[in-house]
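Asker:
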Amino acid sequence: MQEGKPLTDREINRGLLNILFENPLWYWGLVGLLAVVVLGAMSAAGYMINHGLGVTGLNRPVMWGFFITNFVFWIGISHAGVMLSAILRLSKAEWRRPATRAAEVLTVFSLMTAMLMPLIHTGRAWRIFYWVFPYDWARGIYPNIRSALVWDPSAVFTYLTSSILFVYIALLPDLAVIRDRSTGLRRQIYSILCLGWKGNPRQWKLQVIAGILLSALILPVFVSVHSIVSFDFSMAVSVKSWHSTIFPPYFVIGAVHSGVAAVVIVMALMRFLFGWHDYIRPEHFDALGRLLIVVATGWFFFFVMEFIFGLYGLEGDEIGMKDFLTAKPPWNWWFITFVGTTYFIPVSMWLFKGVRRNPWLMLVACVSVNIGMWLERFLIIVPGLAQKQTFNFVWGTYAPSPVEVVIIIGTFALVSMLMLLFAKVFPLIPLYDVKEGEILRSEIQIGRKKVPAVIRDE
Amino acid sequence: MHRANGHTTVGEEVQLTPQGVTEHLSYKVFNIDKRFVLALVGLGVLVILGIIGFIVRAVDDGFSDAARPQWGYYAAMFGFLLVTAGSAPVAAIAFRWTKNHWRRPLSRASELFALVGILNVLWFIPMIFLLPGIDLNGDGVLAVGEDRRTIWFEGPIGAPLWWDTSAVIGLALCGLAILWVSARPDMVALAARGTGWRARFLSWLSMGWRGTEQEWRLQQASLAVLGAFYFMLLVFVHTLISLDFALSLVPGWKDSIFAPHHALTGLQAASGTILVTIFLMRTCGGFRQYIGLDPFWSFSKVLLGLTLLWGYFWFSEFMTFWYGRDPTEQTVVKLVMFESYRVAFLLNFFFSFLIPFVMLIWNVVRKSVIGPAIAGASVVIGAFFMMVRLYVPAFNIPQADLGAHTVADFEAEAGQIAVQLLPVKPDVWDGFIVAGGVGAIALIFLLGTKLLPVMSMWETKEGLLYILFRPFIKGRYMVLGKPE
Amino acid sequence: MAQRKKHKWGMIVDIDKCIGCQACVVACQSENNIPMNTEERFKERRANEWIRIERYWEVPEEYRSKPEEAPFQDVKARFIPIMCQHCENAPCEPVCPVYATYHNDEGLNVQVYNRCVGTRYCANNCPYQVRFFNFWEPVWPERLRNQLNPDVTVRSRGIMEKCTFCVQRIRRSERKIEGQEGGRLTDKDLAEGNFLPACVQACPTNTLIFGDFEDPDSQVSRLKDDPRHYKLLEAIGTDPNVIYLKKIDPHHEGEEGHA
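If you read the sequences in order, they're chains H, S and V. Residue 1 is where the first sequence starts when you use the numbering used here, and the numbers rise one by one after that. Residue 1 is where the second sequence starts when you use the numbering used here, and the numbers rise one by one after that. Residue 1 is where the third sequence starts when you use the numbering used here, and the numbers rise one by one after that.
This is the structure:
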């Protein structure tokens, strides 16, 4: 499990804190470019709020389109954080070490971005206080807790709060390291942020316990968030193809699939941009690739189940809907692309060890997964609405407008920009985790062979 | 577990050296003591009762569409066989794949349940005659309102009977294949140390295993491939059986999570079965030195996760149906959960979810031996009641109503459950059949332990190589070798 | 106002009589300040028609798979007027996050314009697709602003709207007949006082009949158990307050009939 040379503490500190203390030109260029894109998206959103939703491609019956697809997509990406951090921490997998913080931070930023989507896509976005906060100033009317759209923000904000806590608590030892290596104003800021971390055994013990507790507590939140997002769809009794009991686990496993793939993308990019070849090694991509095979296959099972049950009732309109999806252009091309990019292309790549150990090939496979998963959400939402019920007089279709496309691209730029800005002030790979991994490395002798081993404290 | 360089002794006192392990486990296979014979006799009585119950039912009612309601509990027992013994080999497969060190004591036990796969096939054969056709009015056209809902679209190639039968037989064969591949090295060791017909049989069965490096590599690869295949087949079997014998028999019941929920119950009940098995192995079977706290401590975490998942899947189903207020779905919920089969559902919910959940969230419970065993037993009992509440109502829908578009079509009044859907109480022959099924699982397993070692010799010896204890800083810790 | 009497407003739609003239659509639009539906709006699929006439073509059995080849005299047009069904078990009501739609005690499904934030979940969850969203800010040319009905709010962009059974007329009728005169509303009062919904008033063939299900003498109470009666999408269990009467088709004598 441990390849690569053993690293000393000093090397780890210097290697992982390089971006905090240097100012490369490419970094600010990239951040600037992303900021421009984000500004463009914000102006597009402003234009839309000013002129009305008519500037989008939404119509009747397709009242939800690109924005809700994007919302579900980013919530999906946010599931990587918990999957890798909490589950791998609880099961003591060694190969989680470089990935945990990047995953958790990706979670936080993608959740924030996801929540922007339902806010701007409403007809009267300036009235949104009715929805999220109890607003009982004149009429005694609170938000309708029977509505899945009220469960959504409750779940997402719970997840956001716990993820932020998770990131912060895990950051404390590293903040202390940065404090010790900086001077002046920077030192003052970091010493406030690290809450007086001294690194004595008592503090370490508390930190470990807090980490384990949070990991265990955040797991049910993680499952519930995307299930509740799926309830937005499965509770709808009028959209035939949405009212399916399998939606909650189907969405959750789809989220894990796209989320872990997103973490792989982030790790490959981190390795390239920051030069962290010693810390993010081929063995990590190998392990993530094997995990992804299992997750992808699980997802595929749920997808097939959902598809079959659309046809199970032998009802004419549902068969018509599936026919629309698989036979009519351009939807059939999107459908084939979606199944190929989500499952068949990446999994056939991941079956080969050579591919799994190559960061660039893994990047390609995981980008393919995320394209496919974005399409998956789109193909659940829009065709379902386009052919809702037997009254085919009101059947419709949907095509996105430039405003929607710009805003969607803006969200990708926003998450990337936030990740880069985070990397400038906090290390994206947890220093103490890597150091702990170094300490627990060991070897055992079996016959003539030296086998790498790890020390377990049970 | 500890290393020692002493001599090995035969009998119950075992030193855990590779030599000692082989000697001890061979002794366990060939030695038949009084307790074992007593167990065999007791289980044999249960099996005979089961056969009596089956024969009485077969003679009294026969196998026809009209007789289907009488076979509800028989079908529930088939589901029970599938989720416990049929799914048990998955533990060995899954934890071998994830390379968990604590699987070693339990892998052969879980593989041995593949022998019960033969019972699955035999049990399934009468059910073939009880399944109604898809095209109920026989006019060669599948149309809504005349024909049973099903995932199959036309016969005979798409017919459920072809696929279900091949899937069940395929699962049994794949399980036996895994058992054979895994046990081959042990067969040779046993044949060398024994006498009599068993040694001769094992020698023949091992098919010339020599233990070369190439053979070992091939064995590992085969186990990986067969294991993956078994897992996929298992999910397939769960999907088919649950859909064809339960879901599609209740008109209007369209529930996409039904098959995954059934498969998950299989994984959960299999974990429970194995926990109970290794508990018995440790306490009554004399394997105390092989089975430490590790398997219980770790496996109970898995069981907790599976229990939570079970609750989650149940909640998805309930919430989607309940919220939408669709009349058909409301009727189904009343049928299998809240009115007709309320007792079975409550027992199912308590034993499959509430009791294991409340128990397993405590560290103290998980880090013991008896705690996970009780939770495992509870899960197995809960699985039985789940099969009852799913299969018995499905088998009791009148034949004439099978083509109905919705359950509401044959209700006496909208929203009320019709007289035909009152819960069916089991009679004494059903009780015999249930007892027979449980007895048969245990009997086949016990007989299997006298043919093959229930503790895997080669895996235990491999573990001795990779797991060491060394001093570290101020304490002693376990060092796990990870050759991959 | 005096004690409110109990009402349950409902409608009967007799498909046998509908000729598809769309007078109801026009009347509804002028009564309720519905934005103008230009050709542009129809192409965008955002036309706002609180009551719409759905037109289906019926071709003989043998031409079902190739309807364009059927001889023209055998092709029949079938019309269904569909407006908000004011379901007792409305799927649009539980899903609104801000309680902008709810069921009032007179059986009406009510839309509160000033509360609506425009999430559009209610429109998605309506199986009859009778809810309409204002994608653009409605504008009327200067000259046409005088024809706006002062009893009805003009909705801005971002708000959902739908048929209200002309609740402004119902309220007026209740104030006048029950409040001032202290009586109980009957069919006769509704018809003579111009209190019927605009579509009912405009329909030339008496396809649309409006009344109070709580009044045993009203026409709707008598017709709701008619042998021809059915409800749209009954299996979903919405329990609508609009009841349809099946068409009597001379070409399909003796058949059970389908809606």
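Think of the CB as a built atom: it goes at the ideal place given N, C-alpha and C, for glycine as much as any other residue.
Would you say the stretch 317 to 332 of chain S touches the stretch 236 to 244 of chain H, given that touching needs at least three Cβ pairs under 8 Å?
Answerer: yes
Asker: For histidine 238/S, tell me which candidate among Thr265/S, Ser248/S, Gly252/S, Asp255/S has the shortest Cα-Cα distance.
Answerer: By 1-based counting over the second sequence, the position of residue 238/S is 238. Of the listed residues, the one whose Cα sits closest to histidine 238/S is Thr265/S.
Asker: Measuring CA to CA, which of Pro6/H, Thr8/H, Lys5/H, Tyr27/H is closest to leucine 421/H?
Answerer: The count along the first sequence starts at 1 and reaches residue 421/H at position 421. When the alpha-carbon of leucine 421/H is set against those of Pro6/H, Thr8/H, Lys5/H, Tyr27/H, the nearest one is in Tyr27/H.
Asker: Identify the continuous beta strand (DSSP E) that holds leucine 119/S and give its terminal residues.
Answerer: On the second sequence, residue 119/S is found 119 positions in, with the first residue counted as 1. Note, leucine 119/S: premise wrong, no beta strand (DSSP E); alpha helix (DSSP H) at 116 to 130.
Asker: Rounding to the nearest angstrom, what Cα-Cα distance links threonine 122/H and phenylalanine 109/H in this structure?
Answerer: Counting from 1 along the first sequence, the entry for residue 122/H is found at position 122. Counting from 1 along the first sequence, the entry for residue 109/H is found at position 109. Distance between the alpha carbons of threonine 122/H and phenylalanine 109/H: 22 Å.
Asker: Bridge partners of alanine 77/V, per DSSP?
Answerer: To locate residue 77/V, count along the third sequence from 1; it is residue 77. DSSP lists Trp57/V as partners of alanine 77/V.
Asker: Where do the ends of the alpha helix (DSSP H) carrying phenylalanine 210/V lie?
Answerer: Walking along the third sequence from the start, residue 210/V turns up at place 210. It is not in any alpha helix (DSSP H) - phenylalanine 210/V instead sits in the beta strand (DSSP E) that spans 208 to 212.
Asker: Based on the DSSP output, what are the partners of tyrosine 102/V in its beta bridges?
Answerer: As a working mapping, residue 102/V is identified with position 102 in the third sequence. As DSSP reads the structure, tyrosine 102/V sits in a beta bridge with Val110/V.
Asker: Of the residues Arg202/H, Ala386/H, Arg89/H, which one's Cα is nearest the Cα of aspartate 317/H?
Answerer: Indexing the first sequence from 1 puts residue 317/H at position 317. Of the listed residues, the one whose Cα sits closest to aspartate 317/H is Ala386/H.
Asker: Arginine 228/V versus chain H: which residues are under 9 Å apart at the beta carbon?
Answerer: Here residue 228/V refers to the residue found at position 228 when the third sequence is read from its first residue. Correct list: empty, because the minimum Cβ distance to chain H is about 20 Å.
Asker: Starting from the beta carbon of aspartate 255/S, find every residue of chain V whose beta carbon is closer than 9 Å, and list them in chain order.
Answerer: For this step, residue 255/S is matched to residue 255 along the second sequence. Ordered by position in chain V, no residue passes the 9 Å Cβ test against aspartate 255/S, which lies about 17 Å from the chain.
Asker: Measuring only the C-alpha atoms, how far is leucine 308/S from glycine 52/H?
Answerer: Working through the second sequence from its first residue, we reach residue 308/S at position 308. Working through the first sequence from its first residue, we reach residue 52/H at position 52. C-alpha separation (whole angstroms): 44 Å.
Asker: Check whether chain V comes within 8 Å of glutamine 387/H, counting only Cβ atoms and requiring the distance to be less than that.
Answerer: As a working note, residue 387/H is residue 387 in the first sequence. No, glutamine 387/H does not count as interfacial toward chain V.
Asker: If the criterion is Cβ atoms closer than 8 Å, does the pair valine 295/H and isoleucine 253/H meet it?
Answerer: By 1-based counting over the first sequence, the position of residue 295/H is 295. By 1-based counting over the first sequence, the position of residue 253/H is 253. Contact flag set, yes.
Asker: Pick helix, strand or coil for tryptophan 180/S, following the three-state DSSP scheme.
Answerer: The residue you call residue 180/S lines up with position 180 of the second sequence. Tryptophan 180/S falls in the helix class under three-state DSSP.
Asker: Taking only the alpha-carbon atoms, compute the straight-line gap between phenylalanine 63/S and tyrosine 74/S and give it to the nearest angstrom.
Answerer: Numbered from its first residue, the second sequence carries residue 63/S at position 63. Numbered from its first residue, the second sequence carries residue 74/S at position 74. Answer to the nearest angstrom: the Cα atoms are 12 Å apart.
Asker: State the DSSP-derived secondary structure class of arginine 157/V, mapped to helix, strand or coil.
Answerer: Position 157 of the third sequence, counting from 1, holds the residue named residue 157/V. Arginine 157/V falls in the coil class under three-state DSSP.
Asker: Start and end of the beta strand (DSSP E) containing methionine 11/V?
Answerer: By one-based count along the third sequence, residue 11/V stands at place 11. Per DSSP, methionine 11/V belongs to the beta strand (DSSP E) from 9 to 14.
Asker: Once DSSP output is grouped into helix, strand and coil, what is the label at isoleucine 52/S?
Answerer: As a working note, residue 52/S is residue 52 in the second sequence. Helix.
Asker: Grab the span of the alpha helix (DSSP H) containing isoleucine 336/H for me, first residue to last.
Answerer: Translated into positions along the first sequence, residue 336/H becomes position 336. Isoleucine 336/H -> alpha helix (DSSP H) spans 331 to 339.
Asker: Enumerated in chain order, which unbroken segments of the alpha helix (DSSP H) with a length of 4 residues or greater are wholly contained in the stretch 297 to 376 of chain H?
Answerer: Runs of the alpha helix (DSSP H) inside the stretch 297 to 376 of chain H: 316 to 327, 331 to 339, 345 to 350, 353 to 356.
Asker: Please compile the residues from chain S whose C-beta is within a distance smaller than 8 Å of the C-beta of glycine 107/V.
Answerer: To locate residue 107/V, count along the third sequence from 1; it is residue 107. For glycine 107/V, there are no C-beta contacts with chain S under 8 Å, since the nearest C-beta of that chain is about 17 Å from it.
Asker: Take serine 26/S as the anchor and find which of Lys450/S, Leu468/S, Tyr466/S, Thr273/S has the nearest alpha-carbon.
Answerer: Walking along the second sequence from the start, residue 26/S turns up at place 26. Selected option, being the one with the closest Cα: Lys450/S.
Asker: Can you give the Cα-Cα distance for leucine 116/H and valine 424/S, rounded to whole angstroms?
Answerer: If you number the first sequence from 1, residue 116/H lands on position 116. If you number the second sequence from 1, residue 424/S lands on position 424. Rounded to the nearest angstrom, the two C-alpha atoms are 53 Å apart.
Asker: Taking the DSSP output, what are the residues bridged to phenylalanine 299/S?
Answerer: Counting from 1 along the second sequence, the entry for residue 299/S is found at position 299. None; phenylalanine 299/S has no bridge partner.
Asker: Determine, using beta carbons only, whether leucine 292/H and tryptophan 334/H come nearer to each other than 8 Å.
Answerer: Position 292 of the first sequence, counted from the start, is the residue given in the question as residue 292/H. Position 334 of the first sequence, counted from the start, is the residue given in the question as residue 334/H. No, the pair does not count as a contact, with Cβ atoms beyond the cut-off.
Asker: Rounding to the nearest angstrom, what Cα-Cα distance links glutamine 22/V and isoleucine 53/V in this structure?
Answerer: Here residue 22/V refers to the residue found at position 22 when the third sequence is read from its first residue. Here residue 53/V refers to the residue found at position 53 when the third sequence is read from its first residue. Going by the C-alpha atoms only, they are around 7 Å apart.
Asker: If you measure beta-carbon to beta-carbon, which residues of the stretch 30 to 49 of chain V are closer than 7 Å to chain H?
Answerer: Glu44, Arg45, Arg46
Asker: Output needed in chain order: residues of the stretch 222 to 247 of chain V with a Cβ under 7 Å from some Cβ in chain S.
Answerer: Using a CB distance below 7 Å, the part of the stretch 222 to 247 of chain V facing chain S consists of Ala235, Ile236, Gly237, ordered along the chain.
Asker: Under a CB-based cut-off of 8 Å, is aspartate 139/S close to chain V?
Answerer: As a position in the second sequence, residue 139/S is number 139, starting the count at 1. Chain V contact via Cβ: absent.
Asker: Can you tell me the Cβ-Cβ gap for cysteine 199/V and cysteine 84/V, rounded? I've got them flagged as a contact below 8 Å.
Answerer: One-based indexing of the third sequence puts residue 199/V at position 199. One-based indexing of the third sequence puts residue 84/V at position 84. That belief does not hold up - the Cβ atoms of cysteine 199/V and cysteine 84/V are roughly 11 Å apart, past 8 Å.
Asker: So which of Ala100/V, Val220/V, Pro35/V, His7/V has the shortest CA-CA distance to arginine 297/V?
Answerer: Nothing can be reported for residue 297/V, as the shown portion of chain V is limited to 1 through 259.
Asker: Got a sec: which bits of the stretch 294 to 311 of chain H sit with their beta carbon under 9 Å from any beta carbon on chain S, in order along the chain?
Answerer: Val294, Thr297, Phe301, Phe302, Met305, Glu306, Ile308, Phe309, Gly310, Leu311
Asker: Which one of Trp310/S, Val379/S, Trp152/S, Glu111/S has the shortest CA to CA distance from isoleucine 444/S?
Answerer: Taking the second sequence and counting its residues from 1, the one referred to as residue 444/S is at position 444. For isoleucine 444/S, the nearest C-alpha among the options comes from Glu111/S.
Asker: Using a Cβ-Cβ cutoff of 7 Å, what residues of the stretch 289 to 300 of chain S are near chain H? List them in chain order.
Answerer: none
Asker: Taking DSSP's pairing of strands, which residues face arginine 96/S in a bridge?
Answerer: Here residue 96/S is taken as the residue at index 96 of the second sequence, counted from 1. Arginine 96/S pairs with nothing; no bridge assigned.
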